[in-house]
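I have placed the structure first, in the form of structure tokens, so that the comments after it can refer back to it.
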Amino acid sequence: MDMPVQTNKSRRGFLKTQAALVVGFSLPLAARRAEAAIDPVDSNTFAPNAWVRITPDNRVSVVCGSAEMGQGVLTAIPMLLAEELDADWKLVSVQQSPVDTAYNNPAFGMQATGGSSTIRGHWTPLRTAGAQAREMLLAAAAAQLNVDASTLRTEKSHVIGPGGKKIPYGALVEAASKQPVPEKPALKSPKDFKIMGKPTNRLDTPAKINGTAKFGIDAHVDGMLVAVMARAPFPDAKPKSMDEAKAKAVKGVQKIITIPSGVAVLADGYWAARKGRDALAVQWDMGPHADFDSAKVTSQLEEAASSANAVAVDKGNPKDAAANATQTISARYEVPYLAHACMEPLNCTAWVKGDEVTLWVGTQSQGPAQGILAHVAEATPAKVKINTLLLGGGFGRRFAPDFTIDATLLSKAAGSPVKLIYAREDDMAAGYYRPASVVRFEGAVDDKGAATMLRAGVGSPSIMAASGFMKIPENGVDSMAVEGLADHPYAIPNQRIAYGRAEPGPQVWFWRSVGHSQNAFFIESFIDEMAAAAKADPLQFRLALLSEAPRHKAVLELAAARAGYGKPLPKGHVHGIAVAESFGSYVAEIAEVSVAADGTPKVHKVTAVVDCGMTVNPQTIARQIEGAICYGLSAALYGRISYKDGRVEQSNFHDYPVARMTDMPKVDVHIMPSSENPGGIGEPGTPPLAPAVTNAIFKATGVRIRSLPIDTEALKKKA
Amino acid sequence: MKAFTFEKAASPEAAARAAAAQPGARFIAGGTNLLDLMKLQIETPPHLIDVNGLGFDRIEPTDAGGLRIGALVRNTDLAADARVRRDYPVLSRALLAGASGQLRNRATTAGNLLQRTRCPYFYDTNQACNKRQPGSGCAALDGGVTRQLGVLGTSSACIATHPSDMAVAMRVLDASVETLQPGGQARRIPIAELHRLPGDAPQRETVLAPGELITAVTLPPPVGGVQVYRKVRDRSSYAFALVSVAAIVQKDGSGRVALGGVAPKPWRVEAAEAELPWGAAATAAKLLAGATPTHDNEFKLTLAQRTLAAVLAQAKAAT
Amino acid sequence: MLAHPFDTILAISRRELLIAGSACAAAATADAQSAPAPRPADAPPPPASTITLQVNGQSHRLTLDNRTSLLDALREHLHLTGTKKGCDHGQCGACTVLLDGRRVNSCLTLAVMHDGAQLTTIEGLGTPARLHPLQAAFIAHDGYQCGYCTPGQICSAVGMLNELRQGIPSHVSTDLQARPQLTNDELRERMSGNICRCGAYSNIAEAISEVAGAEVRS
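Chains as they are written, first to last, in the numbering used here: chain A, 1 to 719; chain B, 1 to 319; chain C, 1 to 218.
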């Protein structure tokens with residue numbers, strides 16, 4: 001169903017963003033000023049566009065519409081602009097924007113952060129914004145000095161005139177504001193970058209190390225009620241009974257409100273709300289889902305994978321190739337649902353007053369939220385204000401509108417501000433998981449050891465259908481279910497890759513690297529299997545197939561060199577490799593792994609090489625790759641959301657373990673120098689990790705891991 | 001958490017009397033297990049008696065040449081005590097193998113002994129559990145996942161295990177538990193007798209009477225030997241042992257061994273220890289005799305034997 | 001096929017928002033601190049206690065429901081939101097504070113048990129003018145990404161370095177009786193009670209190592 005989003009131009013979907021991120025775009029920069037920004041724009045501010053403000057004290061404030069969840073946008077967005085502005089970085093600060101179409105992510109056509117798209121989307125617009133301001137400052141200085149602008153240059157927030165005369169930008173505020181805004185200012189050549197491409201410390205310090213940084217869960221509004229919900233254990237389950245009297249008897253409980261997703265207890269504080277919710281003891285009518293379990297998920301995915309017929313790739317003649325092959329192999333792979341498990345449990349504070357809605361929340365999708373919440377609250381979209389606070393982890397979970405919708409509905413019903421807080425157990429069971437998926441592979445190699453055929457049938461739920469704003473196209477292929485697999489880089493002449501949709505029931509959603517998170521594991525493991533069938537070294541086998549994928553080839557070769565692939569390793573240590581492109585960036589990872597006698601794998605080191613095109617902040621890139629590796633490691637070793645009797649079995653970090661400091665390998669990240677347009681960086685480090693580790697495990701033990709999380713029982717030494 | 005009244009006990013006698021006077025009242029010391037259970041409404045004491053101020057926080061030599069460890073000594077301090085590290089290292093190792101630094105800083109000696117099982121069905125209030133609700137059934141035995149659960153000392157009513165690492169070391173060291181009863185009498189309970197097997201009343205986990213307060217745990221004089229604690233962790237449940245082995249091995253190969261993670265109490269069979277010089281297989285045969293594993297947790301028997309073999313090898317290498 | 005949740009939500013009408021039970025639906029209070037809704041007449045008086053907490057050098061007298069965790073007392077009653085809630089069950093370490101100099105999970109202890117205790121939270125470590133060495137090291141080594149686990153990591157590291165100074169061994173200490181050194185393995189084991197979902201572990205480790213090394217050198 002269509003999502004009622006207010007945009008001022010046609011909406012671009014995720015598909016387009018993945019195909020080729022638009023570098024040229026049309027954003028009406030001239031005469032564009034944002035309404036009601038954090039700092040008011042007055043006659044003492046030079047603000048030629050929505051993002052930059054320069055004040056007489058020569059400080060530069062950059063307004064950032066993207067959500068900060070640790071991926072460094074609050075630093076990178078200012079860097080893009082400050083570079084072209086020729087600002088003194090020491091004088092640059094950043095502030096979070098309100099929700100406003102001026103801050104639409106050019107990659108999406110709406111104000112939202114995700115898909116590793118912030119740099120790609122803002123690369124040209126933010127640079128243009130900075131260059132605009134610079135040209136206007138130059139024009140103002142030229143007029144003041146009565147010289148031609150071509151005789152002037154800029155450096156560190158100053159215009160430098162003939163004879164070395166320096167005019168700070170702050171002194172030109174009024175004059176620059178009167179200049180016409182150039183539509184197409186000249187942008188720097190990358191070789192002239194002074195700020196971008198250099199490791200730069202974050203701007204969100206010192207708040208994050210002194211306790212003053214405000215996350216959604218820290219919001220406080222006088223008069224607010226805190227809400228804790230009894231949420232349906234399974235989509236469509238309905239409350240059939242509850243003990244209101246017991247809940248009301250809990251000191252501090254004020255209201256009990258039922259909304260479509262469950263029953264909320266509102267109280268003066270968290271504990272009262274929590275205890276009230278527990279005392280309410282809602283009994284659920286599970287309907288047909290009362291006996292839903294993980295076995296049902298697997299069988300439905302199997303069925304879909306076996307009968308997959310929405311064709312994503314159709315090349316050559318796979319049937320003939322299989323018939324004439326020297327050797328065919330087949331394998332079945334499976335991965336479970338995964339929770340995002342952000343460190344900060346989900347929460348949202350909302351205040352509905354008549355036709356106005358105000359939110360205090362860490363959200364990745366302010367733009368869509370404005371439209372959706374206006375609808376649910378029967379408010380005016382322009383009167384939906386969103387105070388974007390810091391996100392204690394997003395990973396895609398905070399792109400979903402569910403928690404903002406519920407907080408808004410509750411505030412409207414309660415007639416007061418409401419702070420909705422999820423306990424960790426609530427967060428874990430609240431759905432919106434990375435889809436479970438099964439793939440059935442067949443491959444063939446010829447007598448020369450070359451790969452001649454690849455067939456794959458994928459069975460999994462559809463994120464496109466679940467998203468609420470995308471539709472599965474006519475050919476039936478959910479691009480997210482097959483991304484990373486359908487667009488793998490290997491030149492195999494005969495291929496058929498098809499998707500079969502299964503909807504076991506749990507709500508699915510975008511999880512860090514989306515379809516790539518499982519599909520890289522699938523394809524990079526199966527390619528490894530084909531290499532083994534061909535009795536070839538996994539690296540050489542891949543390189544021979546990467547003739548049409550030079551960027552994949554380059555990162556893989558460099559990673560092998562840096563890791564010392566093929567050279568002796570400490571006793572019991574082996575290398576496993578994987579390479580994957582996602583969100584415009586190419587990442588190769590080589591894991592150094594050993595397996596203990598009890599079957600426990602230990603990842604000692606990961607060597608990563610990333611080609612993400614031109615870089616903004618190499619420091620952030622290294623952290624994001626390392627962080628994405630850690631996220632992938634948790635999924636490879638431990639992650640599993642399972643169902644029994646219609647309920648999620650996991651509740652907290654004791655039964656949904658995640659990687660701790662003791663699990664973390666040494667990570668060596670190398671960024672490939674490149675003059676290509678930037679690719680994304682938040683997600684691409686995750687997909688190659690699991691297969692690099694499981695390919696190493698195969699090398700160490702001869703056991704092929706075909707499902708995650710890694711089953712150590714299978715790896716125990718039989719002795 | 002259900003509401004409760006709260007008092008800080010002024011004296012051990014007052015604490016014991018207050019507990020006996022209020023049915024369902026509980027002592028709270030570190031609270032790291034009790035509060036966890038209270039948040040989940042598995043424990044719902046109407047009254048809490050804070051015993052932290054009672055002064056049982058010293059480790060002192062006993063007249064017999066052993067150590068008396070106050071009930072309220074924090075796990076961190078017990079593990080770090082120079083005498084424990086030197087003379088009872090298996091106790092240090094066991095303590096350090098569990099929880100996290102933050103939790104060890106609060107958890108106490110007595111609290112550690114009295115902590116309750118981590119069986120997932122005990123924890124899930126949607127599931128039948130005879131320990132939580134006597135007579136309601138056992139969801140683990142009734143088609144549940146029993147991989148992490150007990151193989152020895154269990155019953156048809158309950159197959160939960162005791163989660164404490166420290167208790168296993170205490171058992172292999174022949175500790176004794178000193179208590180104060182509500183009537184004012186003191187008594188001494190050998191550690192082997194503190195924890196009950198479930199039988200048909202799994203809700204009764206210890207032999208302590210209502211209101212009986214642990215005041216100290218005593219250790220006999222040190223017996224030397226190479227002391228090892230080895231824990232095989234369950235990968236899907238970060239902190240707790242699938243199987244653990246506490247062993248004290250003397251130069252001549254004789255010694256003692258106790259197992260954790262396999263039973264509702266630390267598992268030690270003194271008769272099996274005569275086999276120690278003959279190796280793990282011989283010892284395990286007697287130590288694990290009478291085991292009643294499920295299909296899911298059968299592997300624990302082999303795992304216990306293998307872990308014991310590794311421990312004995314480690315001990316041998318160290319002598 | 002299950003109906004899409006958005007369909008359900010967007011199709012609701014005002015009628016479908018139920019407010020269950022009129023007895024307790026007192027008008028929403030304008031001020032969270034004002035009197036709560038009237039309790040049923042025969043309910044016992046709410047169990048509460050009055051305590052004094054010393055937090056970051058300041059004394060606070062609080063009357064609290066006995067059930068209030070130390071974490072919630074800090075966040076909701078003292079509005080010190082630097083200490084974070086991640087799991088509420090002692091598993092993630094985001095709530096770590098220093099209690100009488102020792103690191104503890106504030107979610108797993110009751111505020112009323114700490115009458116008179118000295119607490120240090122992230123807000124009490126260092127000042128804007130003089131950062132605590134660990135705070136400075138976290139900045140220098142980029143020891144965080146989203147920043148949510150950071151207050152707990154820093155407080156835990158302070159406590160951990162104290163424990164190391166006191167010679168307390170760990171699970172990975174090879175010689176139980178020797179004075180422990182902060183090797184890579186020791187550091188990781190001792191900090192394993194603090195989860196970071198952003199995976200900033202190596203930078204956190206570097207920051208802590210630098211401060212530990214400086215302590216050894218000085």
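C-beta: ideal position from N, C-alpha, C; glycine also.
No experiment lies behind these values; they were computed from the predicted model shown.
What did DSSP end up calling ILE470 (chain A) once you bin it into helix, strand or coil? For the sequence presented, residue 470 (chain A) should be read as Met rather than Ile. In the structure shown, MET470 (chain A) sits in coil (DSSP, three-state: anything other than H, G, I, E or B).
Same chain only: Cβ atoms within 7 Å of LEU308 (chain B), ignoring 5 sequence neighbours per side: Counting only Cβ-Cβ distances below 7 Å, and skipping sequence neighbours, we find VAL245, VAL257, ALA280, THR283 and ALA284.
Which residues in the same chain have their Cβ closer than 7 Å to the Cβ of SER307 (chain A), if we skip the five residues on either side of it in sequence? If we look at SER307 (chain A) and ignore the five residues flanking it on each side, its Cβ neighbours are GLY500.
Straight-line CA distance for LEU182 (chain C) to ALA216 (chain B)? Approximately 33 Å, taken between the alpha carbons.
With H, G and I counted as helix, E and B as strand and the rest as coil, what does DSSP make of ALA50 (chain A)? Coil.
Please return the same chain residues whose Cβ sits closer than 8 Å to the Cβ of ARG134 (chain A), not counting the five positions on each side in sequence. Setting aside the 5 residues that flank it on each side, ARG134 (chain A) is surrounded in the same chain by GLU84, LEU85, ASP86, THR154 and PRO185, each with a C-beta closer than 8 Å to its C-beta; the list follows chain order.
Going by CA-CA distance only, name the one from C:GLY126, C:THR50 and C:GLN177 that's closest to VAL112 (chain C). Measuring from the Cα of VAL112 (chain C), the nearest candidate turns out to be C:THR50.
Cutoff 9 Å: PHE653 (chain A) Cβ touching any chain C Cβ: Interface residue, yes.
Between HIS122 (chain A) and the rest of its own chain, which residues show a CB-CB distance below 7 Å, the 5 nearest in sequence each way excluded? If the five residues before and after HIS122 (chain A) are omitted, its C-beta is found closer than 7 Å to the C-beta atoms of ILE77, LEU80 and PRO106, all from its own chain and listed in chain order.
Check whether LEU734 (chain A) and GLU302 (chain A) have beta carbons under 9 Å apart: The question about residue 734 (chain A) has no answer, for chain A in this structure spans 1 to 719.
Starting from the C-beta of ASP655 (chain A), find all residues in its chain whose C-beta is less than 6 Å away, skip the five residues before and the five after it, and write them out in chain order. Answer for ASP655 (chain A): no residue qualifies.
Short check: CB of LEU213 (chain B) to CB of VAL73 (chain B), under 9 Å? Not closer than 9 Å, so no.
Okay, do the segment 60 to 76 of chain B and the segment 693 to 710 of chain A touch, 3+ Cβ pairs below 8 Å being the bar? No: fewer than three Cβ pairs fall under 8 Å.
When the Cα of PHE510 (chain A) is compared with those of A:PRO345, A:SER462 and A:PRO493, which residue comes out closest? Looking at the Cα atoms, A:SER462 is the closest of the given residues.
Here's the rule I'm using: 16 or more other beta-carbon atoms within 10 Å means buried, otherwise exposed. How should GLY101 (chain C) be labelled? So GLY101 (chain C) counts as exposed.
Please state the DSSP three-state secondary structure of HIS289 (chain A). In this structure, HIS289 (chain A) counts as helix in the three-state DSSP scheme.
What do you get for ASP57 (chain A), buried or exposed, if any count of 16 or more other CB atoms within 10 angstroms of its CB means buried? With a 10 Å radius around the Cβ and a threshold of 16 neighbouring Cβ atoms, ASP57 (chain A) comes out exposed.
Interface flag, ARG202 (chain A) vs chain C, CB-CB below 9 Å: Yes, because at least one Cβ of chain C sits closer than 9 Å to the Cβ of ARG202 (chain A).
Cβ of ALA36 (chain A) less than 9 Å from any chain B Cβ? Reliability of the predicted coordinates at ALA36 (chain A) is poor, the pLDDT of 38 falling under 50, and the value obtained from them is presented with this limitation in mind. The beta carbon of ALA36 (chain A) sits no closer than 9 Å to any beta carbon of chain B.
Let me confirm a value: THR75 (chain A) is counted as buried when at least 16 other C-beta atoms fall within 10 Å, else exposed. Which label applies? Buried, because 16 or more other Cβ atoms sit within 10 Å of the Cβ of THR75 (chain A).
What is the rounded straight-line gap between the Cα of SER66 (chain A) and the Cα of SER365 (chain A)? For SER66 (chain A) and SER365 (chain A), the distance between alpha carbons rounds to 9 Å.
Near-chain A residues of the segment 170 to 187 of chain C (beta-carbon distance less than 7 Å), N- to C-terminal order: So the list is empty, because no residue satisfies the distance condition.
Best match in A:GLN540, A:ILE671, A:ALA486 and A:GLU524 for proximity to ASN695 (chain A) [C-alpha to C-alpha]: It is A:GLU524 whose Cα lies nearest to the Cα of ASN695 (chain A).
So is ASN203 (chain C) in contact with chain E if we call contact Cβ pairs under 9 Å? Judged by its chain identifiers, the structure shown contains no chain E, and its protein chains are A, B and C.
Count the C-beta pairs between the segment 358 to 376 of chain A and the segment 202 to 219 of chain A that are closer than 8 Å, then say yes if the count reaches three, no if not. Contact holds: three or more Cβ-Cβ distances are below 8 Å.
Between the alpha carbons of LYS251 (chain B) and ALA315 (chain B), how many angstroms are there, rounded? So the two alpha carbons sit approximately 9 Å from each other.
Starting from TYR270 (chain A), find everything on chain C with Cβ-Cβ shorter than 9 Å and list it in chain order. Neighbours of TYR270 (chain A) on chain C, chain order: ASP72, ARG75, GLU76 and LYS85.
Pairwise C-alpha distance: PHE4 (chain B) and ALA34 (chain A): Below a pLDDT of 50, predicted positions are generally treated as unreliable, and ALA34 (chain A), at 36, falls in that range; no measurement from the model is reported.
Which residues in the same chain as ARG562 (chain A) place their Cβ atom closer than 7 Å to its Cβ, once the five residues preceding and following it in sequence are excluded? Beyond the five residues adjoining it in sequence on each side, ARG562 (chain A) comes within less than 7 Å, by CB distance, of THR607, VAL609, ASP668 and HIS670 in the same chain, given in chain order.
I'd like to know whether the C-beta of GLN347 (chain B) is nearer than 9 Å to at least one C-beta of chain C. With chain B covering 1 to 319 only, the question about residue 347 (chain B) has no answer from this structure.
Determine the DSSP secondary structure at THR319 (chain B), reduced to helix, strand or coil. Of the three classes helix, strand and coil, the one that applies to THR319 (chain B) here is coil, per DSSP.
Assuming ILE523 (chain A) is part of the alpha helix (DSSP H), what are its boundary residues? Under the DSSP assignment, ILE523 (chain A) falls in the alpha helix (DSSP H) whose first and last residues are 514 to 533.
Is it right to say HIS79 (chain C) is buried, meaning 16 or more other beta carbons lie within 10 angstroms of its own, or is it exposed? Counting Cβ neighbours within 10 Å, HIS79 (chain C) comes out exposed, since fewer than 16 surround it.
Using a Cβ-Cβ distance cut-off of 9 Å, determine whether PHE6 (chain B) contacts chain C. Yes, because at least one Cβ of chain C sits closer than 9 Å to the Cβ of PHE6 (chain B).
In the DSSP assignment, the beta strand (DSSP E) including ILE214 (chain B) goes from what residue to what residue? ILE214 (chain B): member of the beta strand (DSSP E) spanning 213 to 219, first to last residue.
State the Cα-Cα distance for the pair ALA15 (chain B) and ALA9 (chain B), rounded to the nearest angstrom. Looking at the two C-alpha atoms, the distance is approximately 5 Å.
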